[in-house]
Amino acid sequence: MPENGFEILLALLQQELAIVEELKAAGNNLIHALKENAASEIISVAEQQEFLAGELAKLEEKRLQVQQDLINNSKTDAHFGEVTSLAPADLQDALASLYNRLATAVVQLRQINETGKILLLSAFRFHQQFAKLIAAAQGEMYGPRGFLQTKQKPVGVFDRQV
570 MPENGFEILL ALLQQELAIV EELKAAGNNL IHALKENAAS EIISVAEQQE FLAGELAKLE
630 EKRLQVQQDL INNSKTDAHF GEVTSLAPAD LQDALASLYN RLATAVVQLR QINETGKILL
690 LSAFRFHQQF AKLIAAAQGE MYGPRGFLQT KQKPVGVFDR QV
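Count the sequence shown with this note's numbering and you get residues 570 to 731, in order.
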C-alpha cells in the first residue's frame with residue numbers, strides 16, 4: 570500500500586497506463602473487426618472500450634485530485650507539470666518516466682481511434698448507399714439480359730373505394 574501522496578500518484582499513473590494499453594489493444598481489435606465486417610465483435614469491442622474509458626475517467630479524476638493535494642501541501646506555486654520536481658528524489662525518475670510513457674501511449678491511442686473512426690465512417694457511407702440502392706429497386710431485379718425488370722404490378726396510391 571502506498572505510504573505517501575507521491576507513491577499514490579505513481580500507482581495511479583501505472584493503473585492509467587495499463588488501461589490506456591488495454592484501450593490501444595481494443596482499438597486495434599476494433600480495426601480488425603471493421604476490416605472483417607464482424608458485427609458481433611465490433612459490438613463487443615465497443616462495449617469493452619466504453620467500460621475501460623469509464624475506468625480511466627475515474628482514475629484520472631483521482632490522479633488530478635492527488636496532484637492538486639500534493640501541490641497544495643507543498644506550499645509552492647507549482648503547476649501540474651512540475652509535480653515530479655516536488656517528489657522525493659527516489660521517485661522523481663519513476664514519475665517522469667510514467668508521465669512520458671502515458672503521454673506517448675495516449676498519442677498512439679488517438680491515432681488508433683482516428684483510424685477506427687475513418688473505417689467506421691467509410692462503412693457507414695457504404696451501408697447508406699447500399700440501403701438507398703435496395704430501397705430504389707422496390708422489388709425489381711436484373712433480368713437475364715442485364716436490364717432492370719419488375720415482377721410486381723404497380724400498386725395505386727389511392728384507395729378507389731373511398
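Each residue gets a CB set at the ideal place from its N, CA and C atoms; glycine is no exception. Nothing here was measured: the structure is a model prediction, and the numbers come from that model.
Are residue i and residue j closer than 8 Å when you measure CB to CB?
{"i": "L774", "j": "I588", "result": "Residue 774 falls outside the range modelled here, since the chain spans only 570 to 731, and no answer is possible."}
{"i": "L578", "j": "Q636", "result": "yes"}
{"i": "N597", "j": "I681", "result": "yes"}
{"i": "L628", "j": "A595", "result": "no"}
{"i": "L664", "j": "A672", "result": "no"}
{"i": "I600", "j": "G685", "result": "yes"}
Would you decide whether residue i is buried or exposed? Buried here means 16 or more other CB atoms lie within 10 Å of its CB.
{"i": "F575", "result": "buried"}
{"i": "L581", "result": "buried"}
{"i": "E616", "result": "exposed"}
{"i": "A732", "result": "As shown, the chain starts at 570 and ends at 731. That puts residue 732 outside it, with no answer to give."}
{"i": "E651", "result": "exposed"}
{"i": "L690", "result": "exposed"}
{"i": "R632", "result": "buried"}
Quick check: what's the CA-CA separation for residue i versus residue j?
{"i": "D646", "j": "E610", "result": "49 Å"}
{"i": "L688", "j": "S654", "result": "42 Å"}
{"i": "D659", "j": "Q634", "result": "22 Å"}
{"i": "L592", "j": "L586", "result": "10 Å"}
{"i": "N573", "j": "Y668", "result": "18 Å"}
{"i": "S643", "j": "Q677", "result": "33 Å"}
{"i": "R694", "j": "A700", "result": "10 Å"}
{"i": "V731", "j": "K604", "result": "Only weak support exists for where V731 lies, its pLDDT of 46 falling under 50; the coordinates are left without a value."}
{"i": "G623", "j": "H648", "result": "26 Å"}
{"i": "Q661", "j": "E630", "result": "22 Å"}
Excluding the five sequence neighbours on either side, which residues of its own chain have a C-beta within less than 8 Å of the C-beta of residue i, listed in chain order?
{"i": "R670", "result": "L586"}
{"i": "A544", "result": "With the chain covering 570 to 731 only, the question about residue 544 has no answer from this structure."}
Kindly list the residues whose CB is nearer than 6 Å to the CB of residue i, restricted to its own chain and excluding five residues on each side of it in sequence; keep chain order.
{"i": "Q584", "result": "L628"}
Kindly provide the ranges of any alpha helix (DSSP H) runs that are 4 or more residues long and lie completely inside the region 577-645, ordered along the chain.
608-643
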